[in-house]
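These notes are about the structure you will find just below.
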Amino acid sequence: MKVNPYIFFNGNCQEAFAFYAKVTGGKIEAMMPYAGTPAEAHVPAEWKDKIMHANMTIGDTLLMASDAMPGHYSKPQGFSVSLQVEDAAEGERIFNALADGGKINKPYQKTFWADGFGMLVDRFDIPWMINCQH
Numbered sequence: 003m004k005v006n007p008y009i010f011f012n013g014n015c016q017e018a019f020a021f022y023a024k025v026t027g028g029k030i031e032a033m034m035p036y037a038g039t040p041a042e043a044h045v046p047a048e049w050k051d052k053i054m055h056a057n058m059t060i061g062d063t064l065l066m067a068s069d070a071m072p073g074h075y076s077k078p079q080g081f082s083v084s085l086q087v088e089d090a091a092e093g094e095r096i097f098n099a100l101a102d103g104g105k106i107n108k109p110y111q112k113t114f115w116a117d118g119f120g121m122l123v124d125r126f127d128i129p130w131m132i133n134c135q136h
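The sequence shown begins at 3 in our numbering and counts up by one.
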């Protein structure tokens with residue numbers, strides 16, 4: 003059994019996933035637009051190129067997402083995508099890249115449990131925790 007985050011975006015899933023792949027070294031495995039699927043009939047014409055489903059591998063984990071159908075998007079809250087890294091400097095690099103254009107909730111720094119830890123909400127409104135344990 004595995005648990006994988008599934009993120010809903012407000013029409014910018016493709017842009018967000020391209021950014022996350024670049025920042026994390028992840029690999030986009032699927033990027034399926036609404037066009038050409040049965041869901042196409044349920045979205046406005048200007049939404050057909052938006053993403054119905056995407057997935058990306060980051061390390062040995064899977065991150066999944068889509069653009070929420072019009073009128074069904076809610077700003078994410080009550081969770082964070084937690085990224086565990088092996089190297090504190092790499093964690094700081096990823097943290098800074100994700101924070102660019104977003105909001106830092108807790109600066110990336112050494113803590114009693116980690117060589118580096120920080121919390122942010124990126125420019126796509128996705129909350130993240132970056133952690134490099136001792």
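Ideal placement from N, C-alpha and C gives every residue a C-beta, glycine not left out.
Jot down the residue ranges of each uninterrupted beta strand (DSSP E) in the stretch 55-80, minimum 3 residues, whole runs only, in chain order. 63-69
Quick check on the DSSP output: the beta strand (DSSP E) that includes Glu31 runs from which residue to which? 29-35
Collapsed DSSP secondary structure at Pro7 in the structure displayed: coil
Between which residues of its own chain and Met34 is the CB-CB distance below 6 Å, once the five residues before and five after are set aside? Met54, His55
Relative to the C-alpha of Val83, which residue among Glu31, Gly103, Gly120, Gln111 is closest? Gly120
Three-state secondary structure assigned by DSSP to Lys24: helix
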